[in-house]
Structure formats: C-alpha cells, structure tokens
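**Student:** Okay, here's the structure, questions in a sec.
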Amino acid sequence: MNEFKTKYGPWAIVTGASSGIGKAFSEHLAKKGINIVAVARNKENLRKLQSCIEDQYAVKVKTIALDLYEPNAAVKIGELTSDVDVGLVIANAGIQNHGLFSESTDVDELKLLALNVSGPMQLSHIFAKRLKLRGKGGILFTSSGFGYQGVPYFANYSASKAYLITLGEALNVELKPYGIDVTVISPGYTNTPMAEGTPIDFNKMPIPQQQPELVARVGLHALGKKATVVPGLINKALVWGNRLIPRIWPTKLLGLLIGYARIDDRVDVNL
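Positions 1142 to 1412 (the numbering used here) are the ones given, in order, by the sequence shown.
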C-alpha cells in the first residue's frame, strides 16, 4: 500500500517546478504515483517537464504558466486547481539577490519579498484551509541553510528564508491536529540553474555541492516526521552548530568567506 500517495495524493502542487529542486520534487512525486500541478513562468520548460513525466510515469501533469511575482498569483493557483484534489503543496520557487544591500534597488528587494515571502505565505494560507476540510495532507517549504543566520551580500535573501523556517515551524504545530504535516527543508549549495548564476566561486568555500535529487528525496522523506530538515551531514553540522555560539559569529564568518569568494554582483531568478 502506497501510504504516501494515500495521504498526500492524488495531486501535488509544485512551484518553481520547471528546473532545479522543483523539477526534482516533481519527478520524485511522479515515481510515487502522484499527479503534478507544475507551476512556473517558463511555458516551454513546463511543456518539456509535462512530456517527460507523462512519458515515464502513469500520472498526469497539469501546468500553470504564471508569473509568481504577481500579488494574486497564489489566488490564481487556488482557482486553477479547484477541479483537482490537492493533498500536497510544495512552495519551492525562489529568487536570490546578491551584493551589497545598500547598492541594490527597492524594486529588486521588493520582488524578492513577493516571491520568497508573500507567495509561500499566501499559498500555504489558501491551501491550509482546503487541506483542513479534507482532513489530511502536507505543506513543504523550500528554505535555505542561509536562513539560519544573517548572511552578508545575501541580506534580504537570508532574511526571507528565515521567515519560511519560522512560518513552517509554527504551522507544523498549528496544523498537526488537523492531519496536515508541515516541513521546511533548508538545503545548502545545490547544483541548480540559480546556484550556477550566483557570483560566488564555491571552490573557495568549505561548502559541499548537493544534487537537486538528494534535496527532494530528503524533503519528501522528512514530511510527516520532522518540522525542519537540513540535507547533508556537513550542512547539518554547520546549521546546528550555530545554536551553540553567538549568532553574530557565523554571520561574520560567512561575510569573510563570501567576500573572499565573490566574483561579481548579479541578480538571478529561478522560476
């Protein structure tokens, strides 16, 4: 008996589904026999994902090409999925802004908050109500190891990921009595298109690279078991070690390491 499918199926929503960790989540869910609502901005990449998954697995893929920066994007997702029984929501889409916070634009920083904070909050708010009515389901947030402390040169990004960790921890307790599992996964440096665009030479930093497939597998395995999960032993040690020392220490250390490894300043989006 497929217990995962019974609780979290028959449909799962994945935002940022067309590449990177979102694509890996979609593929892992398809292997478990769960139909996918794939949400992203790039129509062509969504079409390729749909074709790839439906050709390999006995599942359906519904695509929603949507600019997730829109203030009402979560509402549209809710409306466009009113005809399917959604049991799992994976709020995965995100953006990174790099460089000195004082030199970025208000537009860029507000766009980051719209996608990394407002979007996941609205999506989880809408679907928490739907999942409560069905009496079971799950919500999974993709945060980052950067969310466990302030990170110089990624100031707003790390703050946005800290929000997801805090929100997810609270919802894990609030929604558990209703049969809804909430988990936050906080990966470290992962081999994704967004990471490739990051102006950091990670060879100069003691951070191991992870693959999206591992992150997705760990996240889905933790659902229903843990409120938060950090994939990778070294990443776990770095994150949990932060709790044993003053908060400013890892922030200063990351500032030194990133300052040394920076290549240039750019803004890259992974939708």
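Where a beta carbon is used, it is the ideal one built from N, C-alpha and C, also for glycine.
What you are looking at is a predicted structure, and each value in this text was computed from that prediction instead of being measured.
Report yes if the CB atom of residue 1286 is closer than 7 Å to the CB atom of residue 1233, and no otherwise.
**Tutor:** For this step, residue 1286 is matched to residue 145 along the sequence shown. For this step, residue 1233 is matched to residue 92 along the sequence shown. No, the Cβ-Cβ distance between residue 1286 and residue 1233 is not below 7 Å.
**Student:** From residue 1223 to residue 1193, what distance separates their C-alpha atoms?
**Tutor:** Within the sequence shown, the letter at position 82 stands for residue 1223. Within the sequence shown, the letter at position 52 stands for residue 1193. Computed Cα separation, rounded: 25 Å.
**Student:** Is DSSP giving residue 1411 helix, strand or coil here?
**Tutor:** Residue 1411 sits at position 270 when you count from the first residue of the sequence shown. At residue 1411 the pLDDT is 37, less than 50, meaning the model places this residue with poor confidence; the figure from the coordinates comes in the next sentence. DSSP places residue 1411 in strand when its eight states are reduced to three.
**Student:** Going straight from the alpha carbon of residue 1152 to that of residue 1394, what length do you get?
**Tutor:** Reading the sequence shown from its first residue, position 11 is the one you call residue 1152. Reading the sequence shown from its first residue, position 253 is the one you call residue 1394. Approximately 43 Å between the Cα atoms of the pair.
**Student:** Determine the DSSP secondary structure at residue 1194, reduced to helix, strand or coil.
**Tutor:** Taking the first residue of the sequence shown as position 1, residue 1194 is located at position 53. Helix at residue 1194.
**Student:** Grab the span of the beta strand (DSSP E) containing residue 1236 for me, first residue to last.
**Tutor:** Residue 1236 sits at position 95 when you count from the first residue of the sequence shown. Residue 1236 -> beta strand (DSSP E) spans 1235–1238.
**Student:** State buried or exposed for residue 1375, treating a residue as buried only when at least 16 other CB atoms are found within 10 Å of its CB.
**Tutor:** Here residue 1375 is taken as the residue at index 234 of the sequence shown, counted from 1. The residue is exposed, with fewer than 16 neighbouring Cβ atoms inside 10 Å.
**Student:** Three-state secondary structure (DSSP) at residue 1274?
**Tutor:** Translated into the one-based positions of the sequence shown, residue 1274 becomes position 133. If DSSP states are grouped into helix, strand and coil, residue 1274 belongs with the helices.
**Student:** Out of curiosity, what's the CA-to-CA distance linking residue 1362 and residue 1248?
**Tutor:** On the sequence shown, position 221 is the one that residue 1362 refers to. On the sequence shown, position 107 is the one that residue 1248 refers to. Roughly 37 Å between the two C-alpha positions.
**Student:** If you draw a straight line from the C-alpha of residue 1258 to the C-alpha of residue 1306, how long is it?
**Tutor:** Stepping through the sequence shown from its first residue, residue 1258 is reached at position 117. Stepping through the sequence shown from its first residue, residue 1306 is reached at position 165. Distance between the alpha carbons of residue 1258 and residue 1306 is about 11 Å.
**Student:** Quick one: residues in its chain with C-beta nearer than 8 Å to the C-beta of residue 1195, no 5 flanking neighbours on either side, listed in chain order?
**Tutor:** Here residue 1195 corresponds to residue number 54 of the sequence shown, with the count starting at 1. Counting only Cβ-Cβ distances below 8 Å, and skipping sequence neighbours, we find 1201 and 1202.
**Student:** Can you give the Cα-Cα distance for residue 1209 and residue 1252, rounded to whole angstroms?
**Tutor:** Locating residue 1209 in the sequence shown gives position 68, where the first residue counts as 1. Locating residue 1252 in the sequence shown gives position 111, where the first residue counts as 1. Near 10 Å, if we compare the C-alpha coordinates of residue 1252 and residue 1209.
**Student:** Would you decide whether residue 1369 is buried or exposed? Buried here means 16 or more other CB atoms lie within 10 Å of its CB.
**Tutor:** Along the sequence shown, read from residue 1 onward, the residue named residue 1369 stands at position 228. It counts as buried.
**Student:** Measuring straight from C-alpha to C-alpha, what distance separates residue 1284 and residue 1387?
**Tutor:** Position 143 of the sequence shown, counted from the start, is the residue given in the question as residue 1284. Position 246 of the sequence shown, counted from the start, is the residue given in the question as residue 1387. Each residue's Cα considered, the two are about 22 Å apart.
**Student:** In whole angstroms, give me the CA-to-CA distance for residue 1385 and residue 1267.
**Tutor:** In the sequence shown, the residue the question calls residue 1385 occupies position 244. In the sequence shown, the residue the question calls residue 1267 occupies position 126. Cα-Cα distance, rounded: 37 Å.
**Student:** When you compare only the Cα positions, how much space is there between residue 1207 and residue 1221?
**Tutor:** Your numbering for residue 1207 matches position 66 in the sequence shown. Your numbering for residue 1221 matches position 80 in the sequence shown. Distance between the alpha carbons of residue 1207 and residue 1221 is about 11 Å.
**Student:** Have a look at residue 1412 and residue 1318 and give me their C-alpha separation to the nearest angstrom.
**Tutor:** Along the sequence shown, one-based indexing puts residue 1412 at 271. Along the sequence shown, one-based indexing puts residue 1318 at 177. Any reading at residue 1412 needs caution, since the residue's pLDDT is 37, under 50, leaving its predicted position unreliable; the model's value is listed next. Each residue's alpha carbon lies about 33 Å from the other.
**Student:** Say the cut is 6 Å; is the CB of residue 1285 nearer than that to a heavy atom of the ligand COA?
**Tutor:** Absent from the structure shown: the ligand COA. Ligands present: none.
**Student:** Just to confirm my understanding: we take residue 1088, look at its own chain, exclude 5 residues before and 5 after, and list those with CB closer than 6 Å. What are they?
**Tutor:** Missing from the structure shown is residue 1088; the chain here goes from 1142 to 1412 and no further.
**Student:** So the beta strand (DSSP E) residue 1228 belongs to, where does it begin and stop?
**Tutor:** Your numbering for residue 1228 matches position 87 in the sequence shown. 1227–1232 is the extent of the beta strand (DSSP E) around residue 1228.
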